[in-house]
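Worksheet: one structure, shown below.
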Amino acid sequence: MSERDDHDLRDRFQRLRREDAAGATPFRATLAAAATRRAASSRPPALRIAAAAAALAALAVALVLATRGRHGIAIDLARARWEAPSDFLLRVPGAELLRSVPELGRVTPPFHSFGY
Amino acid sequence: MHATSRDAWELELERLHAAAFGWALACCAGDRAAAEDALQASYLKILDQSARFDGRAGFRTWLFAVVRRTAAEQRRRAALRRLLPLAALDAAPDGRPDPAATLVRAEGTQRLEAALATLSRRQREVLHLVFYQDLTIAEAADVAGVSVGTARTHYERGKRALRRLLEEEPQ
Chain A
42 MSERDDHDLR DRFQRLRRED AAGATPFRAT LAAAATRRAA SSRPPALRIA
92 AAAAALAALA VALVLATRGR HGIAIDLARA RWEAPSDFLL RVPGAELLRS
142 VPELGRVTPP FHSFGY
Chain B
653 MHATSRDAWE LELERLHAAA FGWALACCAG DRAAAEDALQ ASYLKILDQS
703 ARFDGRAGFR TWLFAVVRRT AAEQRRRAAL RRLLPLAALD AAPDGRPDPA
753 ATLVRAEGTQ RLEAALATLS RRQREVLHLV FYQDLTIAEA ADVAGVSVGT
803 ARTHYERGKR ALRRLLEEEP Q
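These protein sequence lines are chains A and B, in that order. The first sequence lines up with residues 42 to 157 when you count with my numbering. The second sequence lines up with residues 653 to 823 when you count with my numbering.
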């Protein structure tokens, strides 16, 4: 890019600069607005205080509930029993045979009841 | 802050006010209300000494860096406000300019602004600092918080893209 091109760009930016300067808020007015802004921000509005208080209260309630939940319910694991929904599939006829130890010389099932 | 010292800061700020306003506008993508907000907040930081001038760079370079940081903070805050329904908790402070008050622009300036708007933020910033504020590329790098090499790359690429955009026929 040539120096002439740079010169043209600089001209364009300087025109922009002149237009900005013509529309700029005067320095004293900007300072006065900044002072007003500082005064406004040093007095937190009631809405902001209320929101902070509500957030703190919500946090306190959440903490209390969490603590109570941790200590309030006692679970006796020894007595706890869980049955799976598919347990019925394991209940087959004669299942007690599978859970007992056969003894020699003794016939446990009542075969005669089946007509043998 | 000592009274005379505060007066001295005010004199310096007044001397650079027009340039700082132009820079604030560039940092806020031409949004006048946002630029005025950023400028006011920057002046407060400087006069309250929450931003301290350590003399490592020139005063103008430092002031522009403060304005740039403040504008970025305001952009982040505005983005957060858009995400969270907190508009009622963060009302616009008093002393805000009338957002309807727009700057009068000639046609050529409008084209320049439109072309600048298509560049990346960094390219826009470096070109503004060099061509509008007459800073060197090294000073522009200081303001933008990047290395001189990076600033030079943004300057060259940005200049090429801007030239191409300005040469296109206006629609």
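In this text, a Cβ means the ideal position worked out from N, Cα and C, and glycines have one as well.
Counting C-beta atoms within 10 angstroms of its own C-beta, B:Q762 has fewer than 16 neighbours from the protein chains shown and is therefore classed as exposed.
Note that the C-beta distance between B:A767 and B:L817 is below 8 Å.
At least 8 Å separates the beta-carbon of B:A758 from that of A:R53. Annotation: Cβ neighbours of A:R51 in chain B (cutoff 7 Å, chain order): F783. The three-state secondary structure of B:V800, taken from DSSP, is helix. For B:G760, the enclosing alpha helix (DSSP H) stretches over residues 759-769.
The beta carbon of B:K811 is closer than 8 Å to those of L779 in its chain, skipping five residues each way along the sequence. By the CB criterion at 8 Å, B:R712 and B:L764 fall outside the cutoff.
Chain-order list of chain A residues neighbouring B:T761: R56, L57, E60, by C-beta distance under 7 Å.
Under the three-state reduction of DSSP output, A:D117 falls in the coil class, being neither helix nor strand.
Taking CB atoms only, A:A95 has no neighbour in chain B less than 8 Å away. Between A:L72 and chain B, the shortest Cβ-Cβ separation is below 8 Å.
A distance below 8 Å between beta-carbons, with the five flanking residues on each side excluded, links B:A672 to the following residues of its chain, in chain order: L665, L691, S694, L715, F716, V719. In this structure, the straight-line span from the alpha carbon of B:S772 to that of A:A70 is close to 32 Å. In terms of beta-carbon proximity, B:Y695 lines the interface with chain A, with at least one pair separated by less than 8 Å. In the structure shown, B:R809 falls within a helical segment according to DSSP collapsed to helix, strand and coil.
For B:C679, the uninterrupted alpha helix (DSSP H) segment begins and ends at 669-679.
Between B:A803 and B:A813, the CB-CB gap reaches or exceeds 8 Å.
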